[in-house]
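Below is one structure, written out as structure tokens, with a few remarks after it.
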Amino acid sequence: MKGNNGGIKADLLITGASQLVTLAGPPGPRRGRSMQDIGVIENGALAALGEKIVAVGTSAEVKERVILEDGSQVVDAGGRVVMPGFVDPHTHPVYAGSREHELALKLAGRSYLEILKSGGGILSTVRATRAASREDLAEQTARRLDLLLEHGVTTAEAKSGYGLSLEHEIRSLEVLRELNRRHPVDLIPTFMGAHAVPPEYRDNPGRYVDLVIGEMIPAVASDGLAEYCDVFCEEGVFDTEQSEKILCAGLALGLKPRIHADELADTGGAALAARLGAVTADHLLFASDQGIEALAEAGVMAVLLPCTSFNLASGRYARARKMLEANLAVAISTDCNPGSSPTQSMQLAITLACLYLRMTPEEAITAATLNGAWAVGMGNLAGSLEPGKLADVLIIDAPNYLHLPYHFGVNLIHSVFKRGTLVYSRSRVRRNSKEAWR
Ligand SMILES: [Zn+2]
290 MKGNNGGIKA DLLITGASQL VTLAGPPGPR RGRSMQDIGV IENGALAALG EKIVAVGTSA
350 EVKERVILED GSQVVDAGGR VVMPGFVDPH THPVYAGSRE HELALKLAGR SYLEILKSGG
410 GILSTVRATR AASREDLAEQ TARRLDLLLE HGVTTAEAKS GYGLSLEHEI RSLEVLRELN
470 RRHPVDLIPT FMGAHAVPPE YRDNPGRYVD LVIGEMIPAV ASDGLAEYCD VFCEEGVFDT
530 EQSEKILCAG LALGLKPRIH ADELADTGGA ALAARLGAVT ADHLLFASDQ GIEALAEAGV
590 MAVLLPCTSF NLASGRYARA RKMLEANLAV AISTDCNPGS SPTQSMQLAI TLACLYLRMT
650 PEEAITAATL NGAWAVGMGN LAGSLEPGKL ADVLIIDAPN YLHLPYHFGV NLIHSVFKRG
710 TLVYSRSRVR RNSKEAWR
């Protein structure tokens with residue numbers, strides 16, 4: 290918007306960024322080598338009007354071009370990094386309870402699938418989720434969204450999948466819809482009734498698949514409760530044939546497919562994702578060379594979850610370098626869930642992506658922002674700092690972006706702006722408090 294002397298009107302101005310990491314460039318996810326280009330402006334600034342960014346450039350350029358409205362917010366980033374909010378393209382935030390007791394089982398050598406088969410794992414969270422009141426479920430979920438936001442996530446895909454009955458899957462998606470209305474984090478909902486076979490169908494999993502297809506998907510689609518449909522395609526969970534049936538049923542009613550593929554074994558999940566033209570194939574630890582080639586040809590994005598590999602402690606990580614050489618677009622995620630990845634830290638995902646997926650810091654940052662946004666259908670609105678996009682902006686308490694992978698295990702977020710509004714700022718340590726005790 291132009292003011293009367295040719296300047297650009299703004300009501301938020303952030304100046305003094307040591308590095309403004311813009312991720313600016315042609316629309317679309319970055320593939321392969323182009324993930325290296327993150328568009329850094331030294332001594333950068335950004336201006337926004339309402340929810341949207343209106344100017345980006347050096348501090349001198351932006352200050353000269355914008356005309357601030359009365360009551361504008363002017364922020365000095367103080368030589369810190371300014372970058373787009375993280376977009377987490379794979380989370381399971383709507384559940385009750387926690388599973389800290391499984392750590393001991395894991396340390397005693399029990400595998401993830403063994404714990405699941407004995408009624409633990411996902412199924413213990415299903416019991417807790419079904420037993421919780423709607424208000425309690427919403428409050429526990431909101432607290433997880435707070436943590437995502439405090440750690441820099443401004444947009445997140447969010448899956449159901451701990452209800453596993455018509456009533457409880459619908460309730461989980463309704464909780465997500467309600468939170469999307471009132472919580473700053475933008476949520477993109479995914480129906481994942483095919484997350485596990487619930488105990489009441491243990492002896493007849495085919496009937497559960499019928500229920501997902503015949504009742505759950507039509508109910509979810511007719512209420513507009515989800516944009517995507519996801520399946521845990523894995524040995525001992527849903528096979529490729531069942532997964533294909535479920536994803537095709539979703540697709541027929543407008544739910545775009547994404548897949549948990551080849552996480553614990555090569556079951557052909559990547560090939561299935563390619564065949565169906567899924568938006569993303571996620572995990573991919575055991576994806577074969579042919580599976581990776583098929584994803585590249587079909588233009589399916591790979592969503593890699595290094596926090597899950599780290600927490601499963603098997604030493605196995607997705608072959609990101611192979612995927613980047615195949616010219617895939619790669620995104621990374623927390624996989625925030627109560628079992629295999631109880632974390633809300635995209636910063637940890639960035640560190641692990643560099644150390645164990647052997648991605649460069651630039652590739653990991655692209656994967657955590659711009660590619661995450663394209664992976665959830667938000668590429669035109671989020672993931673980069675460009676005029677016309679949402680003013681979802683992080684100030685990072687670091688002098689350059691290399692600190693994101695380098696300075697791990699702490700929260701480097703100084704401030705979070707969501708749609709142009711300051712929604713989180715770090716509180717200060719009271720360094721001189723001892724004087725009062727003396
Ligand atoms: Zn998952």
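The working numbering applies: residue 290 is where the sequence shown begins, and numbers increase by one.
Ideal Cβ positions, reconstructed from N, Cα and C, are used throughout, including at glycine.
Since the structure is predicted, the reported quantities are computational estimates derived from the model, not experimental observations.
For D519, is the classification buried or exposed, using 16 other Cβ atoms within 10 angstroms of its Cβ as the cut-off for buried?
D519 comes out buried.
Would you say the beta carbon of D377 is closer than 6 Å to some non-hydrogen atom of ligand 1?
No, since every heavy atom of ligand 1 falls outside the 6 Å radius drawn around the Cβ of D377.
Can you look up S716 in the DSSP assignment and give me helix, strand or coil?
Note: S716 maps to coil in three-state DSSP.
Give the straight-line distance between the Cα atoms of A638 and R470, rounded to the nearest whole angstrom.
Cα-Cα distance, rounded: 27 Å.
DSSP three-state assignment for G305, whether helix, strand or coil
In the structure shown, G305 sits in a strand (DSSP, three-state: E or B).
Determine the closest residue to V415 out of L402, R388, L396 and A541, with distance taken between C-alpha atoms.
Between V415 and the set L402, R388, L396 and A541, the nearest pair of CA atoms involves R388.
Buried or exposed for Q308, going by 16 or more other Cβ atoms inside 10 Å?
Buried.
I need the straight-line Cα distance from I303 to V364, nearest angstrom please.
Those two C-alpha atoms are separated by around 5 Å.
Taking 6 Å as the cut-off, is the beta-carbon of S624 closer than that to any non-hydrogen atom of ligand 1?
First, the residue type needs correcting, since residue 624 is Asp and not Ser in the sequence shown. Result yes, Cβ under 6 Å from ligand 1.
So V464 is in the alpha helix (DSSP H); what residue range does that whole segment cover?
Run containing V464: L455 to R471, per the alpha helix (DSSP H) assignment.
Which ranges does the alpha helix (DSSP H) cover as unbroken runs of at least 4 residues, wholly within the segment 499 to 570, from first to last along the chain?
The qualifying runs are 506 to 511, 529 to 541 and 558 to 565.
Give the secondary structure of R419 by DSSP, where H, G and I count as helix, E and B as strand, and everything else as coil.
Here R419 carries a helix assignment [DSSP, helix/strand/coil].
Can you grab the Cα-Cα spacing for the pair G672 / E456, in whole Å?
Their Cα atoms are separated by approximately 34 Å.
Are the Cβ atoms of G321 and L646 separated by less than 7 Å?
The answer is no: Cβ separation not under 7 Å.
Hey, I297 and V355: beta-carbon distance below 7 Å or not?
For the pair I297 and V355, the CB atoms are nearer than the 7 Å cut-off.
Applying the criterion that 16 or more other CB atoms from any shown protein chain within 10 Å of the CB defines a buried residue, is W726 buried or exposed?
The residue is exposed, with fewer than 16 neighbouring Cβ atoms inside 10 Å.
Could you work out which residue in T710, L301 and Y401 is closest to N600 when comparing CA atoms only?
Across the set T710, L301 and Y401, the C-alpha of Y401 shows the shortest separation from the C-alpha of N600.
Between the segment 385 to 399 and the segment 507 to 518, do three or more beta carbon pairs fall short of 8 Å?
Output reads no: the segment 507 to 518 does not touch the segment 385 to 399.
Is the segment 365 to 375 touching the segment 426 to 446 in the sense that three or more CB pairs, one from each, lie closer than 8 Å?
Short answer: they touch.
Contact set for S634: own chain, Cβ-Cβ below 8 Å, skip 5 residues either direction:
So the qualifying residues of the chain are H440, C596, T623 and N700.
What's the gap between the Cα of A550 and the Cα of N493?
Rounded to the nearest whole angstrom, the CA to CA distance from A550 to N493 is 23 Å.
Assuming A653 is part of the alpha helix (DSSP H), what are its boundary residues?
It spans P650 to A657 - the alpha helix (DSSP H) in which A653 sits, taken as one unbroken run.
Local conformation of M667 per DSSP, three classes:
Here M667 sits in coil by DSSP.
Looking at the structure shown, is T623 part of a helix, part of a strand, or coil, going by DSSP?
Coil, per DSSP.
Selected residue, minimal CA-CA separation from G368, among E331, G539, G408 and V343:
For G368, the closest C-alpha among the options E331, G539, G408 and V343 is that of E331.
With which residues is A375 paired in a DSSP beta bridge?
Looking at the sequence provided, one finds Phe at residue 375 rather than Ala. V442, per the DSSP bridge assignment.
State the start and end residues of the unbroken beta strand (DSSP E) segment that holds D578.
Careful: D578 lies outside any beta strand (DSSP E), inside the alpha helix (DSSP H) at D578 to A587.
Could you give the distance in angstroms between the alpha-carbon of L462 and the alpha-carbon of K448?
Distance from the CA atom of L462 to the CA atom of K448, rounded to whole angstroms, is 8 Å.
Using CA atoms only, rank isn't needed, just tell me which of N626, V589, R605 and E675 is closest to A664.
Considering only alpha carbons, the answer is V589.
Does the Cβ of V718 have 16 or more other Cβ atoms within 10 Å, making it buried, or fewer, making it exposed?
With fewer than 16 Cβ atoms within 10 Å of its Cβ, V718 is classed as exposed.
Suppose you measure from the CA of A653 to the CA of E724; what does that come to, to the nearest Å?
Taking the straight line from one Cα to the other gives about 44 Å.
Buried or exposed: E424, going by 16 or more other Cβ atoms within 10 Å of its Cβ?
Under this definition E424 is an exposed residue.
From A554 to E523, what does the alpha carbon distance come to, in whole angstroms?
Separation of A554 and E523 (C-alpha to C-alpha, rounded to the nearest whole angstrom) is 7 Å.
Return the first residue and the last residue of the alpha helix (DSSP H) that I327 is part of.
I327 -> no alpha helix (DSSP H), and no H or E assigned at all.
Could you check where the alpha helix (DSSP H) with H692 kicks off and where it finishes?
Looking at the DSSP string, the run of the alpha helix (DSSP H) that includes H692 is H692 to Y695.
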